[in-house]
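See structure below.
There are 2 protein chains.
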Amino acid sequence: MQELSTFELEVMHFFWEEGDLTGPDVYQRIADQRDVAYTTVKTIIDRLEGKGALKRHRSYGRTIVYRAAIQRGSTKMRHLRRFIDSVFRGDSRELFTTLLHDDQLSLDDLGYLESLLVQKRHDKDEKER
Amino acid sequence: MQELSTFELEVMHFFWEEGDLTGPDVYQRIADQRDVAYTTVKTIIDRLEGKGALKRHRSYGRTIVYRAAIQRGSTKMRHLRRFIDSVFRGDSRELFTTLLHDDQLSLDDLGYLESLLVQKRHDKDEKER
DNA sequence: TTTTATGTTCTACACATGTAGTTATAAGCT
DNA sequence: AGCTTATAACTACATGTGTAGAACATAAAA
Numbered sequence: 005m006q007e008l009s010t011f012e013l014e015v016m017h018f019f020w021e022e023g024d025l026t027g028p029d030v031y032q033r034i035a036d037q038r039d040v041a042y043t044t045v046k047t048i049i050d051r052l053e054g055k056g057a058l059k060r061h062r063s064y065g066r067t068i069v070y071r072a073a074i075q076r077g078s079t080k081m082r083h084l085r086r087f088i089d090s091v092f093r094g095d096s097r098e099l100f101t102t103l104l105h106d107d108q109l110s111l112d113d114l115g116y117l118e119s120l121l122v123q124k125r126h127d128k129d130e131k132e133r
Numbered sequence: 005m006q007e008l009s010t011f012e013l014e015v016m017h018f019f020w021e022e023g024d025l026t027g028p029d030v031y032q033r034i035a036d037q038r039d040v041a042y043t044t045v046k047t048i049i050d051r052l053e054g055k056g057a058l059k060r061h062r063s064y065g066r067t068i069v070y071r072a073a074i075q076r077g078s079t080k081m082r083h084l085r086r087f088i089d090s091v092f093r094g095d096s097r098e099l100f101t102t103l104l105h106d107d108q109l110s111l112d113d114l115g116y117l118e119s120l121l122v123q124k125r126h127d128k129d130e131k132e133r
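Going down the list, the protein sequences come from chains A and B. Numbering of the first sequence is given in our numbering, commencing with residue 5 and proceeding in unit increments. Numbering of the second sequence is given in our numbering, commencing with residue 5 and proceeding in unit increments.
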């Protein structure tokens, strides 16, 4: 898969959250948040289709219903890896450090991370034993 | 500060790691890893100078010695925030989840993360008490 | 001192991306 | 059936980025 741009990812989120959508559907959601032309949104959808991230599912009248054709988890993982490579030269630990220096993280967020971590270490421990 | 591209970041890393460098110095390091023309590298340096990320420190002969003019920590933090915004819609917890799903993380990495976390929680606890 | 090599500057170009106008077309209303 | 409007399809354009050649200048070598 080719990589997705910021705007393309933004659009994919709607499909991942809500399932099948039309051009006007997506336009509506984005126009709620900021000023954008319908054709701009439609261009992004067209490009996503070209990249194989969306496919035409069906249509009613002249309106096309699109559906996500790539998975959320693997897409995010790919982007994360690419990010770590470019910003931290592939060193995950540098990401950890930067992440933990972020003052915008709440105690709650930290607790959440801890719980994930404990779980993961447990699983991994089991498996490698 | 304008944002830095992948290539620009790659170059900044050398300055952050090694201090002052000349065009040929940087070229050498990158050419070690992949095929690139000297002028390509020099263009990136020029753009970094234009963006205020590098400044001319001194020169000997026709050769210019550059020095980093932006900080590593804050730059990475900015990039991290931007990344979380675009890929995870600003939700750090989604990053945590994706991160912890990465099978390429070793038990050691996880231990490292845990130690950072414990430290951070301790500090924050103190402060907010 | 003439030649050669090396570094800087300037210019260029293809591709990705965000942005949107124009044109065509088909639905739906009157 | 004709008019209006919503949607799709196509085209366009500025900017950022990776890429590098060409022209120029000067240090180093012969």
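Quick reminder that beta carbons are idealized off the backbone N, C-alpha and C, glycines included.
Next item on the list: Could you tell me the boundaries of the alpha helix (DSSP H) in which LYS46 (chain A) lies?
Entry: In the first sequence, counting from the first residue as 1, residue 46 (chain A) sits at position 42. Run containing LYS46 (chain A): 42-54, per the alpha helix (DSSP H) assignment.
Check: Any idea what DSSP makes of LEU109 (chain A), helix, strand or coil?
Finding: Position 105 of the first sequence holds residue 109 (chain A). Looking at LEU109 (chain A) - three-state DSSP - the assignment turns out to be coil, as it is neither helix nor strand.
Notebook entry, point to check: Which same chain residues, not among the five before or five after SER96 (chain B), have their C-beta less than 7 angstroms away from its C-beta?
Noted result: Locating residue 96 (chain B) in the second sequence gives position 92, counting from the first residue. Here the set comprises ILE88.
Notebook entry, point to check: Apart from the five residues just before and just after SER63 (chain B), which ones in its own chain have a Cβ nearer than 7 angstroms to its Cβ?
Noted result: For this step, residue 63 (chain B) is matched to residue 59 along the second sequence. Closer than 7 angstroms at Cβ, skipping near neighbours: VAL69.
Next item on the list: Give me the Cα-Cα distance between LEU120 (chain B) and PHE92 (chain B), rounded to the nearest whole angstrom.
Entry: Here residue 120 (chain B) is taken as the residue at index 116 of the second sequence, counted from 1. Here residue 92 (chain B) is taken as the residue at index 88 of the second sequence, counted from 1. About 23 angstroms.
Next item on the list: Within the same chain, show all residues whose beta-carbon is closer than 7 angstroms to that of GLU21 (chain A), passing over the 5 residues directly before and after it, in chain order.
Entry: Within the first sequence, the letter at position 17 stands for residue 21 (chain A). Same-chain partners within the cutoff: there are none.
Check: Going by beta carbon distance, what residues of the same chain come within less than 8 angstroms of ARG86 (chain B), once the five residues before and after it are set aside?
Finding: Indexing the second sequence from 1 puts residue 86 (chain B) at position 82. For ARG86 (chain B), where only same-chain residues beyond five positions count, the Cβ hits under 8 angstroms are GLU7.
Checklist line | Whole-angstrom C-beta distance between LYS124 (chain B) and LEU84 (chain A), which should lie under 8 angstroms | finding: Start at 1 with the first residue of the first sequence, and residue 84 (chain A) comes out as number 80. Start at 1 with the first residue of the second sequence, and residue 124 (chain B) comes out as number 120. Contact between LEU84 (chain A) and LYS124 (chain B) is absent: CB atoms are separated by about 21 angstroms, not below the 8 angstroms threshold.
Item checked: Test item: CB-CB of TYR31 (chain B) and VAL15 (chain B) under 8 angstroms -> Within the second sequence, the letter at position 27 stands for residue 31 (chain B). Within the second sequence, the letter at position 11 stands for residue 15 (chain B). Taking 8 angstroms as the Cβ cut-off, TYR31 (chain B) and VAL15 (chain B) do not qualify as a contacting pair.
Checklist line | Same chain, Cβ closer than 6 angstroms to ALA35 (chain B), five either side skipped, listed in chain order | finding: As a first step, residue 35 (chain B) is located in the second sequence; it is residue number 31 there, counting from the start. Taken in chain order, the list of residues that qualify is empty.
Item checked: Residue range of the unbroken beta strand (DSSP E) whose run includes LEU104 (chain B) -> Taking the second sequence and counting its residues from 1, one reaches residue 104 (chain B) at position 100. Counted as a single uninterrupted DSSP element, the stretch harbouring LEU104 (chain B) is not any beta strand (DSSP E) but the alpha helix (DSSP H) occupying residues 96-104.
Checklist line | Boundaries of the beta strand (DSSP E) in which SER63 (chain A) is found, first to last residue | finding: Start at 1 with the first residue of the first sequence, and residue 63 (chain A) comes out as number 59. Unbroken beta strand (DSSP E) run through SER63 (chain A): 58-64.
Next item on the list: Kindly list the residues whose CB is nearer than 8 angstroms to the CB of ASP24 (chain A), restricted to its own chain and excluding five residues on each side of it in sequence; keep chain order.
Entry: Start at 1 with the first residue of the first sequence, and residue 24 (chain A) comes out as number 20. Cβ within range, chain order: HIS61, VAL69, TYR70, ARG71.
Item checked: Bridge partners - LEU25 (chain B), DSSP secondary structure assignment -> Numbered from 1 along the second sequence, position 21 holds the residue referred to as residue 25 (chain B). Paired residues: B:TYR70.
Next item on the list: Indicate whether THR102 (chain B) and MET81 (chain A) have their beta-carbon atoms separated by less than 8 angstroms.
Entry: Locating residue 102 (chain B) in the second sequence gives position 98, counting from the first residue. Locating residue 81 (chain A) in the first sequence gives position 77, counting from the first residue. Result yes, Cβ atoms of THR102 (chain B) and MET81 (chain A) sit closer than 8 angstroms.
Item checked: is_contact[GLU53 (chain B), chain A] using C-beta, thresh 8 angstroms -> Taking the first residue of the second sequence as position 1, residue 53 (chain B) is located at position 49. Closer than 8 angstroms: no.
Margin query: With a threshold of 8 angstroms between beta carbons, is HIS126 (chain A) in contact with chain B?
Written below: The residue labelled residue 126 (chain A) in the question sits at position 122 within the first sequence. With its beta carbon at least 8 angstroms from every one in chain B, HIS126 (chain A) lies outside the interface.
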